[in-house]
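Letter by letter, the sequence shown follows residues 11 to 149 of the working numbering. For every residue, glycine included, the Cβ atom is placed at its ideal position computed from N, Cα and C.
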Amino acid sequence: QDYAMPHNTIPELIRMRHGNENHDTIAPSLEKLGYQTEIPASIEYEDILITGRVDGIKDGQIIELKTSEKLYEKAKPWHEFQLRFYLTMFQIDEGIIVQPKFDEKEIWLDVIGEVKRKDDWVLEQLEKLYTFHLGIVRK
């Protein structure tokens with residue numbers, strides 16, 4: 011039997027690795043600017059535990075890095091979803107989604123999204139996830 015990976019898996023893994031390397035490169039610069047970086051985060055709902063790592067927190071604001079090779083003009087809905095969860099987890103009112111960009115002279119963080127905390131929305135998403143989870147567990 012052939013256990014080959016789907017054709018798009020290898021390029022996707024390479025892109026993910028590059029994203030991790032970019033995070034590792036940018037984190038020390040954020041720390042020099044006074045950010046706490048790579049802070050573990052979690053939220054529990056019923057028997058579901060969601061975990062993650064916040065890229066940076068400073069002065070009551072969360073910064074979420076998107077280091078995709080694809081450049082975005084605007085954050086995607088799933089970027090906002092992730093940041094909104096972090097805002098609720100840390101009880102912080104707002105955060106920004108940034109993407110590193112560069113030219114031949116410098117690197118900068120381009121703000122591609124701003125997100126406000128919405129605890130009710132997060133609770134609604136957790137309820138949906140739990141309902142989905144129950145459907146799978148019962149099968």
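**Study point:** Residue range of the unbroken alpha helix (DSSP H) whose run includes K90
**Key:** Locating residue 90 in the sequence shown gives position 80, counting from the first residue. Reading off the sequence shown, one finds Glu at residue 90, where the question assumed Lys. Unbroken alpha helix (DSSP H) run through E90: 87–100.
Exercise for review: Could you say which of I73, K84, L144, E48 lies nearest to I102 if we only look at CA atoms?
Suggested key: Within the sequence shown, the letter at position 92 stands for residue 102. When each option's Cα is compared against that of I102, the closest is I73.
Point to revise | As assigned by DSSP and simplified to three states, the class of K68 | key: Residue numbering aside, residue 68 sits at position 58 when the sequence shown is read from its first letter. In this structure, K68 counts as strand in the three-state DSSP scheme.
Review point. Sorted by chain position, which residues of the same chain lie with C-beta nearer than 6 angstroms to E48's C-beta, five sequence neighbours on each side aside?
Key: Taking the first residue of the sequence shown as position 1, residue 48 is located at position 38. So the qualifying residues of the chain are R63.
**Study point:** Close beta carbons around L40, own chain, < 6 angstroms, minus the five adjacent residues each side
**Key:** Numbered from its first residue, the sequence shown carries residue 40 at position 30. For L40, where only same-chain residues beyond five positions count, the Cβ hits under 6 angstroms are T47, G66.
Check your understanding: Just checking my contact of A37 with M99 at CB under 8 angstroms: how many whole Å lie between their CB atoms?
Key -> As a first step, residue 37 must be located in the sequence shown, where it is residue number 27. As a first step, residue 99 must be located in the sequence shown, where it is residue number 89. With a Cβ gap of about 19 angstroms, A37 and M99 do not count as contacting.
**Study point:** Proximity to D69 [Cα-Cα], best of Y45, E90, T61
**Key:** As a working mapping, residue 69 is identified with position 59 in the sequence shown. Of the candidates Y45, E90, T61, the one whose C-alpha sits nearest the C-alpha of D69 is Y45.
Practice item. Note the first and the last residue of the continuous beta strand (DSSP E) segment covering E79. Key: Sequence index remark: in the sequence shown, residue 79 carries index 69 (1-based). Boundaries cannot be given for E79, as no beta strand (DSSP E) includes it and DSSP labels it neither H nor E.
Check your understanding: Considering only C-alpha positions, which residue in the set I53, F142, K42 is nearest to L97?
Key -> Your numbering for residue 97 matches position 87 in the sequence shown. Ranking I53, F142, K42 by Cα distance to L97 puts I53 first.
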